[in-house]
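>
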Amino acid sequence: MSDAEQGNLFDLSNFNTSASKPDFPPNLIPTDAKVPIPPGTYQTMTEIAEHCNRCHRCELGNHRTNAVVGRGNPQADLMIIGEAPGQTEDETGLPFVGKAGQLLEKILVAVQLDSEKDVYIANINKCRPPGNRVPTTEEMNACKPYLLEQIRLVDPKIILLAGATAVKGLTGDKRGITKIRGEWMSWENRLCMPIFHPSYLLRNPSREQGKPKWLMWQDIQEVRAKFDRIRNGST
Ligand code: URA
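Just so it is clear: in the sequence shown, position 174 is 174 by full-length UniProt numbering, and no numbers are missing.
1. Pick helix, strand or coil for residue 37, following the three-state DSSP scheme.
2. For residue 94, name the three-state secondary structure that DSSP assigns.
3. Let's test the definition: count the other Cβ atoms within 10 Å of the Cβ of residue 237 and tell me whether it reaches 16, buried, or not, exposed.
4. Output the distance between the C-alpha atoms of residue 120 and residue 74, rounded to the nearest integer angstrom.
5. Per DSSP, which one or two residues make a beta bridge with residue 158?
6. Assuming the contact rule is C-beta atoms closer than 8 angstroms, residue 66 and residue 90 should be a hit. Round their C-beta distance to whole Å, please.
7. Just reading off the alpha helix (DSSP H) that residue 72 is part of, what are its end residues?
8. In or out: residue 225 buried (at least 16 other Cβ within 10 Å) or exposed?
9. Can you look up residue 124 in the DSSP assignment and give me helix, strand or coil?
10. Tell me whether residue 111 sits in a helix, a strand or coil according to DSSP, three-state version.
11. Using only alpha-carbon positions, find the residue among 55, 125 and 93 that is nearest to residue 71.
12. Cα separation between residue 218 and residue 29?
13. On the DSSP bridge assignment, give the partners of residue 85 in chain order.
14. In whole angstroms, give me the CA-to-CA distance for residue 21 and residue 38.
15. If you run the structure through DSSP and keep just helix, strand and coil, what is residue 199?
Right under this line is the structure:
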């Protein structure tokens, strides 16, 4: 793409196009997924949020009330990545604050994890898909640079991927969640674990042994144990 073509993809109203800056200037807003957002573009979550709230890299930008970037401790050792905002998240601008979020909170509390202190929570997509449909591959890819920047800034020791869409969106792994949940995997040298999405648990409320809620209890205990081992300097 030529410089002029790239320029057309941005809001250039407050930018001198003659300046030959190779990197993406943080005050410019990506309006097309073709424009790269290189690693190191953002220094803070606030900068990411400013861009996300004006982003049109995919058509989800036409529907949002608020972009939903993240909440919790941006220096946490544990990062949880979900799929995309729902209605409550779109209204508030905060991830996992609706029914699924309340269940996620209970799961964390059950193993004494504080969602404000111990965890940073984000999503694959920052804007709500209409009718809560699953985001398309194109939409996930368009939004991915923001997530990669969030992961770079948080630098978590452990990433939990809630649901198959989160696994696919981050790692490209298309396997079903029931196959891979609870298994540690490595992505970009980072320790990740796929877990059930809390919405799936809401639809499958049985606590019987072997059922999704019971399996989640096993998984979150394993996560807590690993979290403690990492904190104590062992693995
Ligand atoms: N589901 C998600 O995946 N993310 C949210 O933020 C809320 C519900």
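Yeah, the Cβ is synthetic: ideal placement off N, Cα and C, and Gly gets one too. Since we're looking at a predicted model, the values are computed, not measured.
On the basis of the coordinates in this document:
1. coil
2. coil
3. Absent from the model: residue 237. The displayed extent of the chain is 1 to 235, so no value can be given.
4. Going from the Cα of residue 120 to the Cα of residue 74 covers about 6 angstroms.
5. 78 and 191
6. 6 angstroms
7. For residue 72, no alpha helix (DSSP H) segment is defined; the enclosing uninterrupted segment is the beta strand (DSSP E) at 70-72.
8. exposed
9. Correct three-state label for residue 124: coil.
10. coil
11. 93
12. Here the C-alpha atom of residue 218 lies approximately 43 angstroms from the C-alpha atom of residue 29.
13. In DSSP, residue 85 forms no bridge with anything.
14. Residue placement at residue 21 cannot be trusted, given a pLDDT of 38 that sits under 50; the coordinates are not used to answer.
15. helix
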